[in-house]
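Have a look at the structure below before the remarks.
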Amino acid sequence: MAATLPPKSTGSTKLDSVVQNVSAAEPAKLSGFALYSRFALAGAVCCAVTHGGLTPVDVVKTRIQLDPVTYNRGLVGGFRQVIANEGAGALLTGVGPTFAGYFLQGAFKFGGYELFKQQFINQLGYETASNNRTLVYLASAATRRVLR
């Protein structure tokens, strides 16, 4: 008598075992702190990197504003003057506090936005929130902004 295959069999025992292992390894759906901490970390890293990366531009802009007589060659010329007069390290003046401040701001901004968005969806119900998604996005951003 022939052996019967399981209902979801592919006909190959090796392939069936791989499919079972992959099915068993599906990640659990995140919620609560685990989910919102990821949103916060993503926002923190993105804000810190983008704002920290623009610190040299801010340094040159500030020098041009504070001493327009000395730094009067535009942005690129300002970069050259700062490097010539003070060394390349001077372009990173203030990068630590900038990085730290925007890391925290990004964490609260993006983590808070996602938290409030989910709260509005829960209050309105999925169908109503889906039909009014722009209003939900605006309300979430405004609430996060007011409560900072």
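For the sequence shown, the working numbering assigns the number 1280 to the initial residue and increments by one for each residue that follows. By construction, the Cβ of each residue, glycine as well, lies at the ideal position given by its N, Cα and C atoms. Keep in mind it's a predicted model, so treat the numbers as computed, not measured.
Straight-line Cα distance separating A1363 from G1353: If you number the sequence shown from 1, residue 1353 lands on position 74. If you number the sequence shown from 1, residue 1363 lands on position 84. Rounded to the nearest angstrom, the two C-alpha atoms are 15 Å apart.
Alpha-carbon to alpha-carbon, V1374 and Q1344: Numbered from 1 along the sequence shown, position 65 holds the residue referred to as residue 1344. Numbered from 1 along the sequence shown, position 95 holds the residue referred to as residue 1374. Using only the alpha carbons, I get a separation of about 19 Å.
Neighbourhood of A1418 by C-beta distance below 6 Å, restricted to the same chain and skipping five residues each side: Here residue 1418 is taken as the residue at index 139 of the sequence shown, counted from 1. Around A1418: F1399.
Helix, strand or coil at A1421 according to DSSP, with G and I counted as helix: Numbered from 1 along the sequence shown, position 142 holds the residue referred to as residue 1421. In this structure, A1421 counts as helix in the three-state DSSP scheme.
Contact belief for F1271 with G1322 at Cβ below 8 Å, rounded distance in angstroms: Residue 1271 lies beyond the residue range present for the chain, which begins at 1280 and ends at 1427; the question has no answer from this structure.
Cβ-based neighbour list, P1285, same chain, cut-off 8 Å, excluding 5 preceding and 5 following: In the sequence shown, counting from the first residue as 1, residue 1285 sits at position 6. Only weak support is given to the placement of P1285: the predicted model assigns it a pLDDT of 49, under 50, and the value that follows is read from those uncertain coordinates. Result list for P1285: D1295, in chain order.
Span of the alpha helix (DSSP H), counted from its first residue to its last, around K1388: By 1-based counting over the sequence shown, the position of residue 1388 is 109. Per DSSP, K1388 belongs to the alpha helix (DSSP H) from 1374-1403.
Backbone secondary structure at P1285 - three-state DSSP: If you number the sequence shown from 1, residue 1285 lands on position 6. Residue confidence for P1285 is low, a pLDDT of 49 falling below 50, so the modelled location carries little weight; the figure read from the coordinates is stated next. The answer is coil: DSSP assigns P1285 none of H, G, I, E or B.
CA-to-CA distance, Q1384 to T1407, given in whole angstroms: Position 128 of the sequence shown, counted from the start, is the residue given in the question as residue 1407. Position 105 of the sequence shown, counted from the start, is the residue given in the question as residue 1384. Cα-Cα distance, rounded: 31 Å.
Best match in Y1381, V1415, Q1402 for proximity to L1320 [C-alpha to C-alpha]: As a working mapping, residue 1320 is identified with position 41 in the sequence shown. Comparing Cα-Cα distances from L1320 to each of Y1381, V1415, Q1402, the minimum goes to Y1381.
Reference K1340; option with closest CA among A1307, V1297, G1404, R1359: For the purposes of this step, residue 1340 is taken as residue 61 along the sequence shown, with counting starting at 1. Ranking the options by Cα distance to K1340, first place goes to R1359.
Cβ neighbours of Q1397 in the same chain (closer than 7 Å, five flanking residues each side left out): For the purposes of this step, residue 1397 is taken as residue 118 along the sequence shown, with counting starting at 1. Result list for Q1397: empty, nothing under 7 Å.
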